[in-house]
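Residue numbers (this note's numbering): 1 to 287.
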């Protein structure tokens, strides 16, 4: 016999409240996961937003703080307001490695194939807070957007899954003696110098410098931003003649290891993106 229990009522799940700090690629990808699973009561993007964040934390003391790629120092009074768990900082490296402003780009340039994220308790010293959690993804495709999305989504999911019990998790101090640091990318890095680098290194620069500072090279007297490329290994072509078709790709950059980077998509300055064949039809044949 089936009984209907009229005294049982489903209860609505109350989403945790979050004050979010961040801007840029990592922040956008992190926020996309958080906002589906939490109540984002404020998104601080700029230094002037910190006063509002302080006010809201006083108004909603139960609110958690989450940060991803904020780039603004948060001072001690606001850090203290989020004690004991602190502001949870999603950093895209396996700390204490790659502290600083460009961990994903630095890992790509260093030749890494494994990429990690860390969830730490934000501290006054840059990326030096104790660690709640870390995870590594092996052999990711060397694609900047994919790496950002993978790390941010996984890190945000861990935060959502563990916020309710975060105060029961004891963070582990980092070993500062093992710390390595990254530098901020700047526009002086834009121009590629294949005469000084291997094809793999040039390819990784093209990937790492997407969005900013934008990898540039001159073809037919026209400076172009390279948006997509791949490595052509000359030794592989010797072993596999079917690969020779790659050499017919209109735009090839010869590097100092005698291998090539084939350009697939590029954007002449002041113009729209185009594939290599369209570019050479428009610019190469006029020379």
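Virtual Cβ for every residue (Gly too), placed ideally from N, Cα, C.
Which whole-angstrom value is the C-beta distance of residue i and residue j, which I expect to be below 8 Å?
{"i": "residue 128", "j": "residue 80", "result": "The pair is not a contact, with the Cβ atoms about 17 Å apart (cut-off 8 Å)."}
{"i": "residue 38", "j": "residue 19", "result": "Not really, about 10 Å apart at Cβ, beyond 8 Å."}
{"i": "residue 173", "j": "residue 132", "result": "In fact, because the Cβ distance is near 12 Å, the residues do not count as touching under 8 Å."}
{"i": "residue 90", "j": "residue 53", "result": "Residue 90 to residue 53, Cβ: 17 Å. No contact."}
{"i": "residue 194", "j": "residue 254", "result": "6 Å"}
{"i": "residue 262", "j": "residue 229", "result": "6 Å"}
{"i": "residue 29", "j": "residue 153", "result": "6 Å"}
{"i": "residue 44", "j": "residue 21", "result": "5 Å"}
Straight-line CA distance for residue i to residue j?
{"i": "residue 143", "j": "residue 203", "result": "11 Å"}
{"i": "residue 259", "j": "residue 46", "result": "44 Å"}
{"i": "residue 163", "j": "residue 284", "result": "57 Å"}
{"i": "residue 247", "j": "residue 148", "result": "The predicted position of residue 247 is uncertain, since its pLDDT is 47 and thus under 50; a value taken from the coordinates is nonetheless stated next. So the alpha carbons of these two residues sit roughly 32 Å apart."}
{"i": "residue 26", "j": "residue 156", "result": "10 Å"}
{"i": "residue 190", "j": "residue 68", "result": "25 Å"}
{"i": "residue 264", "j": "residue 250", "result": "9 Å"}
{"i": "residue 150", "j": "residue 50", "result": "28 Å"}
{"i": "residue 95", "j": "residue 280", "result": "45 Å"}
{"i": "residue 83", "j": "residue 71", "result": "21 Å"}
{"i": "residue 36", "j": "residue 106", "result": "30 Å"}
{"i": "residue 126", "j": "residue 32", "result": "25 Å"}
{"i": "residue 238", "j": "residue 158", "result": "Confidence at residue 238 is low in this model, with a pLDDT of 44, below 50, so its placement is unreliable and the value that follows should be read with caution. Approximately 47 Å between the Cα atoms of the pair."}
{"i": "residue 122", "j": "residue 59", "result": "21 Å"}
{"i": "residue 243", "j": "residue 97", "result": "Caution applies to residue 243, whose pLDDT of 49 falls short of 50 and renders its modelled position unreliable; the model cannot decide the point."}
{"i": "residue 11", "j": "residue 210", "result": "Residue confidence for residue 11 is low, a pLDDT of 42 falling below 50, so the modelled location carries little weight and cannot support an answer."}
{"i": "residue 118", "j": "residue 130", "result": "10 Å"}
{"i": "residue 295", "j": "residue 270", "result": "This structure cannot speak to residue 295, because the chain is shown only from 1 to 287."}
{"i": "residue 178", "j": "residue 224", "result": "39 Å"}
{"i": "residue 232", "j": "residue 23", "result": "36 Å"}
{"i": "residue 160", "j": "residue 76", "result": "25 Å"}
{"i": "residue 14", "j": "residue 145", "result": "32 Å"}
{"i": "residue 196", "j": "residue 276", "result": "24 Å"}
{"i": "residue 282", "j": "residue 222", "result": "11 Å"}
{"i": "residue 56", "j": "residue 167", "result": "21 Å"}
{"i": "residue 278", "j": "residue 272", "result": "11 Å"}
{"i": "residue 165", "j": "residue 48", "result": "31 Å"}
{"i": "residue 16", "j": "residue 110", "result": "38 Å"}
{"i": "residue 274", "j": "residue 234", "result": "26 Å"}
{"i": "residue 192", "j": "residue 34", "result": "37 Å"}
Using only alpha-carbon positions, find the residue among the options that is nearest to residue i.
{"i": "residue 227", "options": "213, 220 and 221", "result": "213"}
{"i": "residue 169", "options": "195, 210 and 88", "result": "88"}
{"i": "residue 134", "options": "146, 120 and 124", "result": "120"}
{"i": "residue 267", "options": "130, 218 and 252", "result": "218"}
{"i": "residue 74", "options": "118, 65, 124 and 179", "result": "124"}
{"i": "residue 188", "options": "222, 48, 179 and 205", "result": "205"}
{"i": "residue 92", "options": "108, 167 and 85", "result": "108"}
{"i": "residue 62", "options": "48, 76, 44 and 86", "result": "86"}
{"i": "residue 201", "options": "257, 34 and 23", "result": "257"}
{"i": "residue 66", "options": "76, 42 and 48", "result": "42"}
{"i": "residue 252", "options": "220, 273 and 110", "result": "220"}
Cβ of residue i within 6 Å of any heavy atom in the ligand SAM?
{"i": "residue 55", "result": "Absence of the ligand SAM from the depicted structure is noted, as is the absence of any ligand whatsoever, leaving it without description."}
Using a Cβ-Cβ distance cut-off of 7 Å, determine whether residue i contacts chain C.
{"i": "residue 178", "result": "The chain labelled as chain C is not found in the depicted structure, where only one protein chain is given."}
Item to check | Inter-stretch contact (C-beta, 8 Å, three-pair minimum) for the stretch 168–185 and the stretch 100–108 | outcome: yes
Next on the checklist: With three or more beta-carbon pairs closer than 8 Å as the criterion, would you say the stretch 133–147 touches the stretch 113–122?
Outcome noted: yes
Checklist entry - Which runs of the beta strand (DSSP E) fall wholly inside the stretch 168–239 and span at least 3 residues, in chain order? => result 216–219 and 222–232
Checklist entry - Taking only runs of the alpha helix (DSSP H) that begin and end inside the stretch 144–171, which ones reach a length of at least 4 residues, in chain order? => result Within the stretch 144–171, complete alpha helix (DSSP H) segments of at least 4 residues are found at 144–162, given in chain order.
Checklist entry - What are the uninterrupted segments assigned as alpha helix (DSSP H) that are 4 or more residues long and contained completely in the stretch 60–139, given in chain order? => result Counting only runs of 4 or more, we get 76–81 and 103–109.
Checklist entry - Curious, which full-length beta strand (DSSP E) runs of at least 3 residues does the stretch 16–51 contain? => result 17–22 and 39–44
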